[in-house]
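See below for the structure under consideration.
Protein chains: 2
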Amino acid sequence: MSENCEFTKVLEILGGKWKPSIMYQLFMNGTMRFSELQRALPEITKKMLTTQLRELEYHDIVNRKIYMQIPPKVEYSMTEHGSSLTPVLMAMNDWGKAHLEHLHSLHGERQPEQEVVSENVNNDIVEIEAK
Amino acid sequence: MSENCEFTKVLEILGGKWKPSIMYQLFMNGTMRFSELQRALPEITKKMLTTQLRELEYHDIVNRKIYMQIPPKVEYSMTEHGSSLTPVLMAMNDWGKAHLEHLHSLHGERQPEQEVVSENVNNDIVEIEAK
DNA sequence: CAGCATCCTTATTGATACTG
DNA sequence: CAGTATCAATAAGGATGCTG
């Protein structure tokens, strides 16, 4: 049951190549039309933008407001429930910045040293059986 | 540059089918051997456990301590840097619980109602050109 | 304008067998 | 015990064209 708390599920909900960027846009700009999102995220395709938005909508993170008119107009925005993600995103963002600096000091050049503890055991049985 | 802050990158680091579970185990149990993790996560294969651990290690989130002995013994634990993820995980966990309840009230049965705003425009041009 | 349908490519995950 | 290597299956993402 609680093999890993809710943590895994949240990652699944937030995961997806473009979801973070979409949420970021909506947080910054409030309400945006489909085409505005496309302009803001030039590399995403229409298909992906649609599917990622639909998933976010399914989880009640973004709101989809359809204007019945020609030409069509659809506006997206964070729902109230989606806005409750703010502390999560803030925490991730803060950690991300610290992490980046930290990694630079580590991976600036090389791998982190392997920590090898040579106990060269005599308390443990060498039991590699031959075939 | 800052199209989406650090948010996307953090998701990439934390993303992976088993990483959350692994981190959770290490947070709860402190130090664990490879085989202990396997027992705790019965569905993960050795290959996946290895690769996910290696990725976490690369980002200095988990520590790998090798005992040079026969039979081999390797212990994993959260690094100090990895422990700094605690606020992030807590935030996600809290949100996850609230989210779960929230979703039950929504998706208990049906899709959320489409919010359709019928403005039936007259301020916008109907410009669907015929072929 | 805001999609959906189809087909295709790449990435992630998994099964299985072998090794120091 | 703690892996690696190889191959197979699945899932995620992308290109392109069509539609109301």
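Protein chains in written order, with the working numbering: chain A, -10 to 120; chain B, -10 to 120.
Backbone N, C-alpha and C fix where the C-beta goes; we use that ideal spot for every residue, glycine too.
Inset, instruction - Examine chain A for any beta-carbon lying closer than 9 Å to the beta-carbon of Gly19 (chain B), and answer yes or no. - result: To locate residue 19 (chain B), count along the second sequence from 1; it is residue 30. Using a CB distance cut-off of 9 Å, Gly19 (chain B) does not count as an interface residue toward chain A.
Legend entry - First and last residue of the uninterrupted alpha helix (DSSP H) at Ile2 (chain A): In the first sequence, residue 2 (chain A) corresponds to position 13, counting from 1. Element bounds for Ile2 (chain A): Phe(-4) to Leu3.
Inset, instruction - List the residues of chain B that Met67 (chain A) touches, going by C-beta distances under 7 Å, in chain order. - result: Here residue 67 (chain A) refers to the residue found at position 78 when the first sequence is read from its first residue. Residues of chain B passing the Cβ test: none, with the nearest at roughly 14 Å.
Legend entry - chain B residues whose Cβ lies nearer than 7 Å to that of Pro76 (chain A): By 1-based counting over the first sequence, the position of residue 76 (chain A) is 87. Those within 7 Å of Pro76 (chain A) in chain B are Ala80.
Inset, instruction - Mark Ala87 (chain B) as exposed unless 16 or more other C-beta atoms lie within 10 angstroms of its C-beta, in which case mark it buried. - result: The residue you call residue 87 (chain B) lines up with position 98 of the second sequence. With fewer than 16 other Cβ atoms inside 10 Å of its own Cβ, Ala87 (chain B) counts as exposed.
Legend entry - Assumed close pair Met57 (chain B), Val77 (chain A) - CB separation to whole angstroms, cut-off 8 Å: Indexing the second sequence from 1 puts residue 57 (chain B) at position 68. Indexing the first sequence from 1 puts residue 77 (chain A) at position 88. So it is not a contact: roughly 41 Å between Cβ atoms.
Legend entry - Per DSSP, the bridge partner or partners of Val77 (chain B): Translated into the one-based positions of the second sequence, residue 77 (chain B) becomes position 88. Its beta-bridge partners do not exist; DSSP assigns none.
Inset, instruction - Kindly indicate which residue of A:Gln27, A:His96 and A:Leu15 has the alpha-carbon position closest to the one of Leu45 (chain A). - result: As a working mapping, residue 45 (chain A) is identified with position 56 in the first sequence. Each of A:Gln27, A:His96 and A:Leu15 was checked against the Cα of Leu45 (chain A), and the nearest Cα belongs to A:Leu15.
Inset, instruction - Identify the contact partners of His70 (chain A) in chain B, using a Cβ-Cβ distance below 8 Å as the criterion. - result: As a working mapping, residue 70 (chain A) is identified with position 81 in the first sequence. In chain order: His88 and His91.
Inset, instruction - Assign Glu(-5) (chain B) to buried or exposed, taking buried as 16 or more other Cβ atoms, counted over all protein chains shown, within 10 Å of its Cβ. - result: To locate residue -5 (chain B), count along the second sequence from 1; it is residue 6. Buried.
Inset, instruction - Return the chain-ordered list of same chain residues with a C-beta closer than 7 Å to the C-beta of His48 (chain A), the five sequence neighbours on each side being excluded. - result: On the first sequence, position 59 is the one that residue 48 (chain A) refers to. Taken in chain order, the residues that qualify are Ile2.
Inset, instruction - Spell out whether any CB of chain A is found under 9 Å from the CB atom of Val115 (chain B). - result: As a working mapping, residue 115 (chain B) is identified with position 126 in the second sequence. Summary for Val115 (chain B): the model assigns pLDDT 38, below 50, so the residue's position carries little reliability, and this model does not support an answer.
Inset, instruction - Using the Cα positions of Glu69 (chain B) and Tyr13 (chain B), report the straight-line distance between them to the nearest angstrom. - result: Translated into positions along the second sequence, residue 69 (chain B) becomes position 80. Translated into positions along the second sequence, residue 13 (chain B) becomes position 24. If I take the Cα positions, the gap works out to 15 Å.
Inset, instruction - Entirely within the stretch 33 to 97 of chain B and at least 4 residues each: give me those alpha helix (DSSP H) ranges in chain order. - result: Correct list: 35 to 47, 69 to 72 and 75 to 96.
Inset, instruction - Check each residue of the stretch -8 to 3 of chain A: if its Cβ is closer than 7 Å to any Cβ of chain B, include it; give the result in chain order. - result: Flagged, chain order: Glu(-8), Asn(-7), Cys(-6), Glu(-5), Phe(-4), Thr(-3), Lys(-2), Val(-1), Leu0 and Leu3.
Inset, instruction - Look at the alpha carbon of Arg89 (chain A) and the alpha carbon of His96 (chain A), and state the distance between them as a whole number of angstroms. - result: For the purposes of this step, residue 89 (chain A) is taken as residue 100 along the first sequence, with counting starting at 1. For the purposes of this step, residue 96 (chain A) is taken as residue 107 along the first sequence, with counting starting at 1. Here residue 89 (chain A) turns out to be Leu, not Arg, going by the sequence shown. Rounded to whole angstroms, Leu89 (chain A) to His96 (chain A) spans 10 Å at the Cα level.
Inset, instruction - Give a yes or no on whether the C-beta atoms belonging to Thr(-3) (chain B) and Pro9 (chain A) are separated by under 9 Å. - result: If you number the second sequence from 1, residue -3 (chain B) lands on position 8. If you number the first sequence from 1, residue 9 (chain A) lands on position 20. Result yes, Cβ atoms of Thr(-3) (chain B) and Pro9 (chain A) sit closer than 9 Å.
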